[in-house]
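Residue numbers (this note's numbering): 13 to 175. Even for Gly, the Cβ is constructed at its ideal location relative to N, Cα and C. Keep in mind it's a predicted model, so treat the numbers as computed, not measured. Written below as structure tokens is the structure these notes are about.
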Amino acid sequence: MSLPPGVKESFIGPLFENIIYGLYLSASIESLMFILITMRCIIDTYRLIAAFNTPGLNYGQLNDTPGTITNICLILVSIIADLFMIFRTFVVWNRRWIVIIIPVFFCITNIGIGVWTMSVAIRSATTGDAALESLLPETILIFVAVTLATNLACTDKLSVGCP
């Protein structure tokens with residue numbers, strides 16, 4: 013059974029639309045990372061200038077508003093970058109799930125630690141609780157350590173390449 017003229021051609025439009033959508037999707041993720049990194053740089057520059065304009069070179073607290081926003085930007089950028097790295101490893105290894113089990117475990121752990129760190133930062137900023145404030149450097153350190161573990165696991169797989 014033959015199709016009427018123009019029916020097959022009508023599928024070309026949605027096909028190209030989906031291809032272009034994929035390009036926009038990848039650009040939007042990069043744009044989100046760019047915006048978050050730019051916010052972090054601007055806030056860090058503001059805090060640095062403020063530190064040199066006050067006696068004692070105080071860079072600011074981790075739980076004040078600029079510190080909290082900076083840490084949230086760091087956490088979000090790290091999680092997005094880790095997910096991208098895991099996807100890249102998955103693609104290089106011909107979509108073998110077994111290869112990304114450990115990095116995915118690290119990334120899920122990191123998401124949990126990131127949420128915990130953000131909640132500690134926000135609660136210590138709003139309540140001024142000294143106990144929560146003392147937890148903040150350790151939670152950030154744990155987050156960075158798990159991010160490093162995720163990146164090392166993916167880098168190891170990428171350096172070996174697909175057999």
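- In this structure residue 83 is buried. Its beta-carbon is surrounded by 16 or more other beta-carbon atoms within 10 angstroms.
- Counting only runs of 4 or more residues that sit fully inside the region 20-90, the alpha helix (DSSP H) segments are 24-64, in chain order.
- Cα atoms of residue 78 and residue 39: separation of roughly 28 Å, rounded to the nearest angstrom.
- For residue 126, the enclosing alpha helix (DSSP H) has its first and last residue at 113-139.
- Boundaries for residue 106: no alpha helix (DSSP H) harbours it, and the DSSP string shows neither H nor E there.
- Out of 147, 148, 90 and 27, the CA that lies nearest to the CA of residue 52 is found in 90.
- Excluding residues up to 5 positions away in sequence, 144, 147, 148 and 151 lie with their Cβ nearer than 7 Å to the Cβ of residue 132 in the same chain.
- Counting the other Cβ atoms within 10 Å of the Cβ of residue 174 gives fewer than 16, which makes it exposed.
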